[in-house]
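Numbering (my numbering), first residue to last: 1095 to 1453. Report on one structure; see the data block that follows.
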Amino acid sequence: MKSRDKLKRLESHQEKAPDDFVVRVMAALPEKPHLAWADRLKSFWPKRRFWPIPALAGALAMFLFVAGLTLFRSPEKSGLIPVVLDLYAPSANQVQLVGTFSNWMPGVFCLKGPDALGYWVIDIKLPPGRYEYTFLVNGSRLVPDDDGDALRADGFGHENSVLLLNDGLREFDQPCTFTLSEYATMSHSLPEQARSIMDPLFQNDPSNIVSKHVFLKLQEGILEKVRPDILKSAVHNRHAAFKKARTLLAETNYGASIETNPTLLNATAFALESGFDPSSIKDVLTAGKGKTSGQISAVIELGETLDYVGMAPETLLLIMKDCLLKNLAPRQIERVMEHVTEKLRKGDNHKAIRDELWV
1095 MKSRDKLKRL ESHQEKAPDD FVVRVMAALP EKPHLAWADR LKSFWPKRRF WPIPALAGAL
1155 AMFLFVAGLT LFRSPEKSGL IPVVLDLYAP SANQVQLVGT FSNWMPGVFC LKGPDALGYW
1215 VIDIKLPPGR YEYTFLVNGS RLVPDDDGDA LRADGFGHEN SVLLLNDGLR EFDQPCTFTL
1275 SEYATMSHSL PEQARSIMDP LFQNDPSNIV SKHVFLKLQE GILEKVRPDI LKSAVHNRHA
1335 AFKKARTLLA ETNYGASIET NPTLLNATAF ALESGFDPSS IKDVLTAGKG KTSGQISAVI
1395 ELGETLDYVG MAPETLLLIM KDCLLKNLAP RQIERVMEHV TEKLRKGDNH KAIRDELWV
């Protein structure tokens, strides 16, 4: 929420705000890594969703921790980016932040509040990257962030909030597979429900390799307490997306870099999981020869996001290729996303958006 809106709430609020409230708000706002187009995406956002939280999530979270299945690495202190997130929940007793940066595990990031306006706030520092998250209210409700940078389907019929810090997917730049032998050693500590979903993946996959992100999808679904059949489908869909991404990258001669620098694998898999057209991804991979994995990943994410908000596929593909031809950096590609999203919100003609984009 903008500072002027918070001040308007303050003027009409019955309680007196702390003396340093305005100073704290104004000091915090510039550090919030909030892209300008976030507010413009609100017309595409779903209504808030609520789920009870089962104890099973804690057991799986412990497995993820023991197995080393974490996306969060501890970089040099200078590489961390300050993040300020808040939620308006004046009647809440507790608000936590859960997401990919905490393996969807509750109890890691707790917000402070409520303040005089009814807001709960948290200040954290994260490495550059792309994160999915939501708020956990009173230990039993998951509420997405209306001020998030974007959204993506979570595989359970809803959306997660997305936080983009600098170049998009850098926190995923690590080996991301889990072998059959590793699973056999650790699987005894998995909850029975989780084993019933994961065992077939290792039994039926000839490569005996499953992406670590499949476990995180399992953790997310258990946290949301989705029905077992929906959870199994979402987990298996993510696994299928990663297998398809591997095949697609191998066909376009990117296969050698999958394990050493898997940024592109993850971007491709997430786009496929969201339903983005595989042929468009293949065209971009072919056109992206000689570009960095960060550039190609950002272009694929651009395509996934604009496809989600309804841009015509043929125009979208042209814009993606334009970004590669002009050798745009990942941050510049994010700005293209900002501009195009604004035009889509206004109802502009899709072809006209592309025609005037580079004028």
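From the three backbone atoms N, C-alpha and C, an ideal C-beta is built for every residue, glycine too.
In the DSSP assignment, residue 1407 forms no beta bridge with any residue. Between the alpha carbons of residue 1444 and residue 1376 lies a gap of roughly 22 Å. Between residue 1196 and residue 1228, the gap from beta carbon to beta carbon reaches 8 Å or more.
In this structure residue 1393 touches residue 1418 by the C-beta definition: roughly 6 Å separates them, less than 8 Å. Counting only runs of 4+ residues, the alpha helix (DSSP H) found wholly inside the stretch 1244-1331 occupies 1274-1280, 1286-1298, 1306-1318, in chain order. In this structure residue 1380 is exposed. Its beta-carbon is surrounded by fewer than 16 other beta-carbon atoms within 10 angstroms. Shown here, residue 1372 sits in a helix according to DSSP, grouped into three states. Under DSSP, the beta-bridge partners assigned to residue 1218 are 1177. Only residues of its own chain outside the window of five on either side were considered, and among them 1315 have a CB closer than 6 Å to the CB of residue 1325, listed in chain order. Taking C-beta separations shorter than 7 Å and ignoring five residues to either side along the sequence, the partners of residue 1191 in its chain run 1179, 1203, 1205, 1216, 1227, 1229, following chain order. Per DSSP, residue 1348 lies in no alpha helix (DSSP H) and is assigned neither H nor E. In its chain, beyond the 5 residues on either side, 1174, 1175, 1177, 1195, 1259 have a beta carbon closer than 7 Å to the beta carbon of residue 1220. Under the three-state reduction of DSSP output, residue 1189 falls in the strand class. With fewer than 16 other Cβ atoms from the protein chains shown falling within 10 Å of its own Cβ, residue 1251 counts as exposed. One Cα belongs to residue 1188, the other to residue 1210, and the distance between them is close to 16 Å. Residue 1369 and residue 1320 have their C-alpha atoms some 20 Å from each other. Look at residue 1380 here: in three-state DSSP terms it is helix. Each of 1424, 1212, 1408 was checked against the Cα of residue 1447, and the nearest Cα belongs to 1408. With a contact defined as Cβ atoms closer than 8 Å, residue 1374 and residue 1342 miss out at about 11 Å.
Per DSSP, reduced to three states, the secondary structure at residue 1194 is helical. By the criterion of a C-beta distance shorter than 7 Å, residue 1214 is surrounded in its chain by 1180, 1181, 1183, 1186, 1189, 1205, 1206, 1207, 1208, once the five residues flanking it on both sides are discounted.
The closest CA to that of residue 1389, considering only 1434, 1401, 1428, 1364, is found on 1428.
With a 10 Å radius around the Cβ and a threshold of 16 neighbouring Cβ atoms, residue 1239 comes out buried.
By the C-beta density criterion, residue 1193 is buried, having at least 16 other C-beta atoms within 10 angstroms. With contacts defined by Cβ atoms closer than 8 Å, residue 1423 and residue 1398 do not form a contacting pair.
A residue is called buried once 16 or more other Cβ atoms fall within 10 Å of its Cβ, and residue 1430 is buried on that count.
Inter-residue distance for residue 1403 and residue 1435 is about 8 Å (C-alpha atoms, whole angstroms).
Ranking 1367, 1347, 1306, 1371 by CA distance to the CA of residue 1387 puts 1347 first. Close CB contacts of residue 1212 within its chain, under the 6 Å cut and outside five residues either way in sequence, are with 1182, 1184 (chain order). Rounded to the nearest angstrom, the gap between the Cα atoms of residue 1425 and residue 1395 is 12 Å. Note on geometry: alpha-carbon atoms of residue 1288 and residue 1329 lie some 10 Å from one another.
For residue 1384, the closest of 1421, 1350, 1362 by C-alpha to C-alpha distance is 1421. Note on geometry: alpha-carbon atoms of residue 1279 and residue 1247 lie some 32 Å from one another.
Closest in alpha carbon position to residue 1338, among 1253, 1382, 1361, 1225, is 1361. Ranked by Cα distance from residue 1317, the options 1449, 1306, 1201, 1304 are led by 1201.
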